[in-house]
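Enquirer:
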Amino acid sequence: MALLDINDLTIEYKLSDGKVRAVDDVTLKVENGDVLGLVGESGCGKTTLIKAVMGLLAKNGKAVSGQIMYKEKDLLKLNKNQIRKVRWNDISMITQSAMNSLNPVYRVGWQINEAILEHTNFSKEQANEKSKSLFDLVGLERDRLEDYPHQYSGGMKQRAIIAMSLALDPNIIIADEPTTALDVIVQSQILERINKLLDGYDGSMILVTHDISAVAQTCNKIAVMYGGKIMEYGDIRQVLKQPNHPYTMGLKNAFPSITGEKKELVSIKGVPPDLSKEIRGCRFKDRCPFVIKKCIEIEPEKVKTEKGFFRCSRYEEIDKIREMSDDMETWNNCNGE
Amino acid sequence: MIWKHGIIVMENNMAEVKNKVIEAINLKKYFDVKVKTNGMFREEREVKAVDGVNIEVLEGETLGLVGESGCGKTTTAKLLLKLYNPTEGKIICNGMDISKLKGKNLKKFRKEAQMVFQDPYESLNPRYRVKDTLIDPLIIHKIGNSYEERYEIAKNILEESGLRPAHKFMERYPHEMSGGQRQRVAIARALVASPSFLIADEPVSMLDVSIRAGILNLLRKMISERNLAGITISHDISLIRYISDKTAVMYLGKIVEYGETEKLIQKKYHPYTEALLEAVPNPDPDIKLSLEKIKGEAPDPVNLPKGCRFHPRCMKCMEICKSKEPETVQVEKGHYVQCHLYSK
Amino acid sequence: MKKTLKILKNNKAGTVGLVIFITFVFIAIFANQIATYDPMEIQYSDKYEVKRLQSPSKEHLLGTTWMGRDVFSQMVIGSRIAVLVGVISAICVAFIGTNIGLIAGYYGGIVDKILMRIVDIMYGLPFLPFALILVAVLGPGIRNIILAIVIITWRNSSRVIRSQTLSLKNRTFVEAAKLTGASNLRILYKSIAPNVLPTSLVYVSTTMASAIMTESSISFLGLGDPMQVSWGRILYACYSSQAMFKAWWWILPPGIAITLLVMSGYMMGRVFEEIANPRLKER
Numbered sequence: 011m012a013l014l015d016i017n018d019l020t021i022e023y024k025l026s027d028g029k030v031r032a033v034d035d036v037t038l039k040v041e042n043g044d045v046l047g048l049v050g051e052s053g054c055g056k057t058t059l060i061k062a063v064m065g066l067l068a069k070n071g072k073a074v075s076g077q078i079m080y081k082e083k084d085l086l087k088l089n090k091n092q093i094r095k096v097r098w099n100d101i102s103m104i105t106q107s108a109m110n111s112l113n114p115v116y117r118v119g120w121q122i123n124e125a126i127l128e129h130t131n132f133s134k135e136q137a138n139e140k141s142k143s144l145f146d147l148v149g150l151e152r153d154r155l156e157d158y159p160h161q162y163s164g165g166m167k168q169r170a171i172i173a174m175s176l177a178l179d180p181n182i183i184i185a186d187e188p189t190t191a192l193d194v195i196v197q198s199q200i201l202e203r204i205n206k207l208l209d210g211y212d213g214s215m216i217l218v219t220h221d222i223s224a225v226a227q228t229c230n231k232i233a234v235m236y237g238g239k240i241m242e243y244g245d246i247r248q249v250l251k252q253p254n255h256p257y258t259m260g261l262k263n264a265f266p267s268i269t270g271e272k273k274e275l276v277s278i279k280g281v282p283p284d285l286s287k288e289i290r291g292c293r294f295k296d297r298c299p300f301v302i303k304k305c306i307e308i309e310p311e312k313v314k315t316e317k318g319f320f321r322c323s324r325y326e327e328i329d330k331i332r333e334m335s336d337d338m339e340t341w342n343n344c345n346g347e
Numbered sequence: 122m123i124w125k126h127g128i129i130v131m132e133n134n135m136a137e138v139k140n141k142v143i144e145a146i147n148l149k150k151y152f153d154v155k156v157k158t159n160g161m162f163r164e165e166r167e168v169k170a171v172d173g174v175n176i177e178v179l180e181g182e183t184l185g186l187v188g189e190s191g192c193g194k195t196t197t198a199k200l201l202l203k204l205y206n207p208t209e210g211k212i213i214c215n216g217m218d219i220s221k222l223k224g225k226n227l228k229k230f231r232k233e234a235q236m237v238f239q240d241p242y243e244s245l246n247p248r249y250r251v252k253d254t255l256i257d258p259l260i261i262h263k264i265g266n267s268y269e270e271r272y273e274i275a276k277n278i279l280e281e282s283g284l285r286p287a288h289k290f291m292e293r294y295p296h297e298m299s300g301g302q303r304q305r306v307a308i309a310r311a312l313v314a315s316p317s318f319l320i321a322d323e324p325v326s327m328l329d330v331s332i333r334a335g336i337l338n339l340l341r342k343m344i345s346e347r348n349l350a351g352i353t354i355s356h357d358i359s360l361i362r363y364i365s366d367k368t369a370v371m372y373l374g375k376i377v378e379y380g381e382t383e384k385l386i387q388k389k390y391h392p393y394t395e396a397l398l399e400a401v402p403n404p405d406p407d408i409k410l411s412l413e414k415i416k417g418e419a420p421d422p423v424n425l426p427k428g429c430r431f432h433p434r435c436m437k438c439m440e441i442c443k444s445k446e447p448e449t450v451q452v453e454k455g456h457y458v459q460c461h462l463y464s465k
Numbered sequence: 010m011k012k013t014l015k016i017l018k019n020n021k022a023g024t025v026g027l028v029i030f031i032t033f034v035f036i037a038i039f040a041n042q043i044a045t046y047d048p049m050e051i052q053y054s055d056k057y058e059v060k061r062l063q064s065p066s067k068e069h070l071l072g073t074t075w076m077g078r079d080v081f082s083q084m085v086i087g088s089r090i091a092v093l094v095g096v097i098s099a100i101c102v103a104f105i106g107t108n109i110g111l112i113a114g115y116y117g118g119i120v121d122k123i124l125m126r127i128v129d130i131m132y133g134l135p136f137l138p139f140a141l142i143l144v145a146v147l148g149p150g151i152r153n154i155i156l157a158i159v160i161i162t163w164r165n166s167s168r169v170i171r172s173q174t175l176s177l178k179n180r181t182f183v184e185a186a187k188l189t190g191a192s193n194l195r196i197l198y199k200s201i202a203p204n205v206l207p208t209s210l211v212y213v214s215t216t217m218a219s220a221i222m223t224e225s226s227i228s229f230l231g232l233g234d235p236m237q238v239s240w241g242r243i244l245y246a247c248y249s250s251q252a253m254f255k256a257w258w259w260i261l262p263p264g265i266a267i268t269l270l271v272m273s274g275y276m277m278g279r280v281f282e283e284i285a286n287p288r289l290k291e292r
């Protein structure tokens, strides 16, 4: 049984002038021990998806179909109190601007203790001990517990937040863009630390980001989201080494390298689709350099791979497409809009 | 430089004499801050944000400034644009000492020197349409003889920046555009009055990875087509490599390595350069991350380490590094390093 | 235009306020046409008797006063004063307050210190007593009432606009404007001012509301302009005739009208902020 089982989930936001389908028919499984990378650009629906898992959807957001099964319960059907229990205890979340979610007027140690005390029967001493061991885990000095958030650097704040998210030994940790606002060196240090943590950890993590390199370094599975749908899913090595979807291929080539000869970077032209309107055919059709008539009219079917799936109408020619995607000219000649 | 099938072929430019567009000599900027020491008292301390920086950029050339947050790269940029006044040192733009500029001459300088900011969500006035943002500099510098003429100039540069159909984008407000589109407008604004010198401060760090390439390609194209002197600032050395001819690595206010980008990346003389290269994000899952060239966090800029500023984090630290600041040494022609490993 | 209508549709309170306000403005503009009689004219019946305290009838829609004057006409003509005082005070206060706030916030230093000391002093003056004294010294009259209101009220908006300016001053787009070579004045009025405009507009409508209240209060206390017909004056007349509990048609209309107009001012404030701000949908 998968730890987290999302089936046919569709989430819509109600706006003053219509609806936006932020998540469309998503099926995803997270097994115990998985580190899943959920990748996509801004507006692709990944943040909405995890907010639904955490029960933190905005008031005008609703799951119109599907279920999120966790420990044989549908998280979508829980009431506020039940969700609160699940949150932090079983599923904890590191939000996007987590560094700013530390209360500036309380000492960091106090804040972590409070989180522990609120959800467990620990005594103050036990909570304190737990906080100290958490700081060891994330590589922060113990006496830093006495400091205020403004005395921490960006990287340290992020580590403190990670420590807080581990406080109750959750089964699933969801990290939403945990390293986006950080410098490269600090980013690498944090990712390294996350790897070390996950090594001995009995649980799973979902890493949500637009940065494939962060996912490549930490995850064993990856789901690529675009326009509210999952375009490709599978084992990390398979998806990143031999991508099956043109969007993934584009993303892979968007990283400037520091080794070898200087190559021109791929730029995927165009903008993501407007999710408030009905979309005919494939979501990626406006930006895909390999688009054909079939793509514009019919929504691509799920094609199964060894350990995952992808959605592309030209699945029979994927090898040829993959070759062409390495050539910059292919992307430059694409129309976009 | 020419692009051939996506790979750079270096052109031999030795015969051409290029103009020095911007030059900084021994540039220093110290800030006074009040710091809480033990208990209730606040002491006056100094943050040496920029401490003895020498820079030179020729026309058609791009210099990359790379380093972590707090290393002084943005402060250097603001000094070069006269948004700050230096504590010490001189800045010369197209032969003029900019510290003396006032009034009309200062306005002329403002036309020559422009910047693209890091945050595309903040650098555009939320109450202005794109056309107003672009036409404003033209009005200030009296370019164009009528509104229609200025509108055309603005529309053309918007098109060049990749926003098509341009006439539709001219009417939009910032909140109606994506981050990438806003950044293109910011680039258009910086270039609309034809400057000679452009600074791009972390131009893509707040944008999704998938659209970064588009913006970087645009910057490269504009700088080379208009023969500008460019300075790119980033904490990610892979971005610097993509867009800069020469690179200066900054750490805590000093330039610790300087030279041609390709050589710098190959030779990586300074240990900090090595660390920056090691930390570059790599989308290959087989190449596992391991940070071995650096340890610890960047120190508090108010409490600088004694001796070489980098020594507490350096894996190759020697005794002398802890007490004596290293001098700048020329290790190859046009390539300089500040490190005891190379001192004579 | 489409967007404006859309906001109005969504913001019911604001729309109601706007409708009420426009109705009163309409009445004020066409007061001479709408009023059935001269408000100060004493009405006589066919039998040459003064039509005292008559309850509403076909000829006198809101009845008559103790002196035999038509209440309806008084209300209609009185709306002119209300709207005039409200609108002029609002515009003056918003103009003065916004400019002082902008200048103090942007230039800082001594300019800021001096301006804010003046504001502090203004805060020391109690509103109504000051207005009464000014009117008593300078004589009754609409101009002096407006003057009193404006002198006191600008202090609030200037404080708020100043703090908004302080925070806007450091934003990136202002730095970008500096880089384009814009002069200080241009930055202040072209880059910063449009961003404080929504707040100014809110102050326009709330000032209007409080100005009308003030004028009514002053007139009610008998210190208003005896030559002008205003709602506060109607209340004053009714009160001094001791007819408050006898003639509901005399005491209620001005009370209700003042309430409605004041309320509309506050309700409109909410819509103004949305209309003036192009960021209609949060990202």
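Residue numbers (the working numbering), protein chains in the order written: chain A, 11 to 347; chain B, 122 to 465; chain C, 10 to 292. Just so you know, even glycine gets a beta-carbon here, dropped at the ideal spot from N, CA and C.
#1: Return the Cβ separation of Ser-166 (chain C) and Tyr-212 (chain C) in integer angstroms, given the expectation that the two are a contact with Cβ distance under 8 Å.
#2: To which residues of the same chain is Val-280 (chain C) closer than 6 Å at the C-beta, ignoring the five residues directly before and after it?
#3: In angstroms, rounded to a whole number, what distance separates the CA positions of Val-59 (chain C) and Thr-74 (chain C)?
#4: Which of the three DSSP states, helix, strand or coil, is assigned to Arg-166 (chain B)?
#5: Between the C-alpha atoms of Lys-287 (chain A) and Glu-51 (chain A), what's the straight-line distance to the nearest angstrom?
#6: Is the Cβ of Ser-107 (chain A) closer than 8 Å to any Cβ of chain D?
#7: Whole beta strand (DSSP E) runs in the stretch 239-295 of chain A with 3 or more residues, listed along the chain?
#8: In whole angstroms, what is the alpha-carbon distance linking Phe-145 (chain A) and Ala-145 (chain B)?
#9: Pull out every residue of the stretch 147-158 of chain A whose Cβ sits closer than 8 Å to any Cβ of chain B, in chain order.
#10: Along chain B, which residues have their Cβ under 8 Å away from the Cβ of Ser-200 (chain C)?
#11: Only counting the same chain, and skipping five residues up and downstream in sequence, which positions put a Cβ closer than 6 Å to that of Ala-137 (chain A)?
#12: Does the stretch 181-192 of chain A come close enough to the stretch 211-228 of chain A to have 3 or more Cβ pairs within less than 8 Å?
#13: What whole-angstrom Cβ distance do Ile-154 (chain C) and Val-92 (chain C) have, given they're in contact under 8 Å?
#14: For Pro-258 (chain B), return the contacting residues in chain C, with the cut-off set at a CB-CB distance below 8 Å.
#15: For a cutoff of 8 Å on Cβ pairs, would you count Ser-317 (chain B) as touching chain A?
#16: Output the boundary residues of the alpha helix (DSSP H) element that contains His-456 (chain B).
#17: Identify the continuous alpha helix (DSSP H) that holds Gln-121 (chain A) and give its terminal residues.
#18: Please list, in chain order, the residues of the stretch 167-201 of chain A that have any C-beta partner in chain B closer than 8 Å.
#19: According to the neighbour-count rule (16 or more other Cβ atoms, all chains shown, within 10 Å of its Cβ), is Ile-123 (chain C) buried or exposed?
#20: Residues of chain C with CB under 8 Å from Phe-238 (chain B), in chain order?
#21: Could you check whether Lys-304 (chain A) and Ser-323 (chain A) sit closer than 8 Å to each other, using their CB atoms as the reference points?
#22: Does the distance from the CB of Val-80 (chain C) to the CB of Pro-262 (chain C) come in under 8 Å?
#23: Under a Cβ-count criterion, where at least 16 other Cβ atoms within 10 Å of its own Cβ denotes burial, should Ala-145 (chain C) be classed as buried or exposed?
#24: Using only the alpha-carbon positions, how far apart do Lys-252 (chain B) and Ile-158 (chain C) sit?
#25: Thinking C-alpha only, which one of A:Met-64, A:Trp-98, A:Gly-237, A:Ala-73 is nearest Gly-53 (chain A)?
#26: Given 8 Å as the limit, is there contact between the stretch 325-341 of chain B and the stretch 239-247 of chain B, that is, 3 or more CB pairs closer than that?
#27: Residues of chain A with CB under 7 Å from Glu-273 (chain B), in chain order?
#28: Please compile the residues from chain B whose C-beta is within a distance smaller than 8 Å of the C-beta of Pro-253 (chain A).
#29: Out of C:Asp-234, C:Thr-45, C:Leu-210, C:Thr-223, which has the shortest C-alpha to C-alpha gap to Val-85 (chain C)?
#30: Taking only beta-carbon positions, decide if Asn-204 (chain C) is within less than 8 Å of chain B.
#31: In whole angstroms, what separates the C-alpha of Val-148 (chain A) from that of Pro-310 (chain A)?
#32: Can you have a look at Pro-235 (chain C) and say buried or exposed, based on whether 16 or more other CB atoms are within 10 angstroms of its CB?
#33: Counting along the chain, where does the alpha helix (DSSP H) carrying Arg-271 (chain B) start and finish?
#34: Who pairs with Arg-31 (chain A) in a beta bridge, going by DSSP?
#35: Any residues in the stretch 279-306 of chain B with a beta carbon nearer than 8 Å to a beta carbon of chain C? Which ones, in chain order?
#36: Anything in the stretch 216-239 of chain B with a Cβ closer than 7 Å to a Cβ of chain C? List those residues in chain order, please.
Expert: From the atom records:
#1: The beta-carbon separation of Ser-166 (chain C) and Tyr-212 (chain C), rounded to 4 Å, stays under the 8 Å limit for a contact.
#2: Scanning its chain for C-beta atoms nearer than 6 Å, with the 5 sequence neighbours on each side dropped, one finds around Val-280 (chain C) the residues Asn-20, Gly-23, in chain order.
#3: Rounded to whole angstroms, Val-59 (chain C) to Thr-74 (chain C) spans 10 Å at the Cα level.
#4: Looking at Arg-166 (chain B) - three-state DSSP - the assignment turns out to be strand.
#5: Cα to Cα, Lys-287 (chain A) sits roughly 19 Å from Glu-51 (chain A).
#6: Absent from the structure: chain D. Protein chains present are A, B and C.
#7: The stretch 239-295 of chain A contains, as complete beta strand (DSSP E) runs of 3+ residues, the segments 239-245 (chain order).
#8: Their Cα atoms are separated by approximately 44 Å.
#9: Listed in sequence order: no entries.
#10: Under the 8 Å cutoff, chain B gives Asn-246.
#11: Once the five neighbours on either side are set aside, the close Cβ partners of Ala-137 (chain A) are Asn-123, Ile-126, Leu-127.
#12: By the Cβ criterion, the stretch 181-192 of chain A is in contact with the stretch 211-228 of chain A, since at least three pairs of Cβ atoms, one from each stretch, lie closer than 8 Å.
#13: Rounded, the Cβ-Cβ distance is 14 Å, inconsistent with contact.
#14: Correct list: Thr-189, Gly-190.
#15: Answer no: the Cβ-Cβ gap between Ser-317 (chain B) and chain A never drops below 8 Å.
#16: Premise fails: His-456 (chain B) lies in the beta strand (DSSP E), 456-459, not in any alpha helix (DSSP H).
#17: Here the alpha helix (DSSP H) through Gln-121 (chain A) covers 118-129.
#18: Residues Asp-193, Val-194, Ile-195, Val-196, Gln-197, Ser-198, Gln-199, Leu-201.
#19: With fewer than 16 Cβ atoms within 10 Å of its Cβ, Ile-123 (chain C) is classed as exposed.
#20: Residues of chain C passing the Cβ test: Thr-181, Glu-184, Ala-185.
#21: In contact: Ser-323 (chain A) and Lys-304 (chain A) (Cβ atoms closer than 8 Å).
#22: Contact annotation: Val-80 (chain C) and Pro-262 (chain C) have beta-carbon atoms nearer than 8 Å.
#23: Exposed, since its Cβ has fewer than 16 Cβ neighbours within 10 Å.
#24: About 41 Å.
#25: It is A:Gly-237 whose Cα lies nearest to the Cα of Gly-53 (chain A).
#26: The stretch 325-341 of chain B, when compared against the stretch 239-247 of chain B, does touch it at the 8 Å Cβ threshold.
#27: What Glu-273 (chain B) touches in chain A, judged by beta-carbon distance under 7 Å, is nothing: the nearest beta carbon there is about 23 Å away.
#28: The premise fails here: Pro-253 (chain A) is roughly 11 Å from chain B at the closest Cβ pair, so nothing lies under 8 Å.
#29: The residue among C:Asp-234, C:Thr-45, C:Leu-210, C:Thr-223 with its C-alpha nearest the C-alpha of Val-85 (chain C) is C:Thr-45.
#30: Interface flag for Asn-204 (chain C) against chain B is set, since a Cβ pair is found closer than 8 Å.
#31: Answer to the nearest angstrom: the Cα atoms are 43 Å apart.
#32: Here Pro-235 (chain C) is exposed, its C-beta having fewer than 16 other C-beta atoms within 10 Å.
#33: Counting along the chain, the alpha helix (DSSP H) containing Arg-271 (chain B) begins and ends at 268-281.
#34: DSSP, once it has assigned bridges, lists A:Glu-22 as partnering Arg-31 (chain A).
#35: Using a CB distance below 8 Å, the part of the stretch 279-306 of chain B facing chain C consists of Tyr-294, His-296, ordered along the chain.
#36: Those residues of the stretch 216-239 of chain B that come within reach of chain C (Cβ to Cβ, closer than 7 Å) are Lys-228, Arg-231, Lys-232, Gln-235, Met-236, Phe-238.
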